[in-house]
Amino acid sequence: MRPLSRFAALCLLIAAPLMAADEHRQIENRRLSWTDFRGVPEADKPFDAYTYWTVHYRYEAPVREGDGFRITVRVWNQLGDRSWVRPHALRGARSAELLNHEQGHYTLGLLCALEFKKAATERRFGPRPQVEIRDLFDQVLRKYVDLEKTYDAETQHMRDRAAQRTWDQRLAQMVGERWVER
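Okay, here's the thing in structure tokens:
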């Protein structure tokens, strides 16, 4: 589950050429399991679980194309190592529902990565491509941080089961549409 502020949990890597170590990294659409949640529960958070997702990118040097620049960008998402679940939540009857709700947060991070990659790939950048790509990333990130707030508000942090089902369907549809575009 999630408090309103997400910016501290998100990571951004920019302004570096593609490195060999990053070649294997890619956008991952996967199901989470509780074994993925290895972080230490945070005492100041009132939730049973917390998902930290990250979106990273690296790009090659901009290439002039007409009156602008094209950028080849590599984007990947990850479940953050700080993601955690309280031990009592694993034993509860709603453990599967809680994991499903946390999956929704991870899926929003996936959608952020997919949308940013598509936008960066299709865009022709102006005279300051490094600044523009960072601004583009920030814009897409803000959209998904806000969407996470809406997700938690509408599902009441998974307590509204009907709203959770609606969001599950919505997220699946969004991934289906964007996954083929990648």
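All residue numbers for the sequence shown refer to this note's numbering, where the first residue is 401 and numbers rise by one. Don't be surprised by glycine CBs; every beta carbon is placed ideally from N, CA and C.
- In the displayed model, Y452 falls within coil according to three-state DSSP, outside both helix and strand.
- The alpha-carbon of T435 is positioned some 42 Å away from that of V463.
- Collapsing the DSSP output to three states places R542 in a helix.
- By a beta-carbon distance limit of 8 Å, A519 does not contact V485. Their separation comes to about 33 Å.
- A direct Cα-Cα distance of roughly 8 Å separates I471 from F525.
- Leaving aside the five residues that flank L536 on each side, the residues in its chain whose CB is nearer than 8 Å to its CB run, in chain order, F516, A519, A520 and R523.
- By the neighbour-count criterion, in which a residue is buried when 16 or more other Cβ atoms sit within 10 angstroms of its Cβ, Q564 is buried.
- Burial is judged here by how many other beta carbons sit within 10 angstroms of a residue's own beta carbon; S483 has at least 16 and is buried.
- Per DSSP, W567 is one residue of the alpha helix (DSSP H) stretching across R561 to W579.
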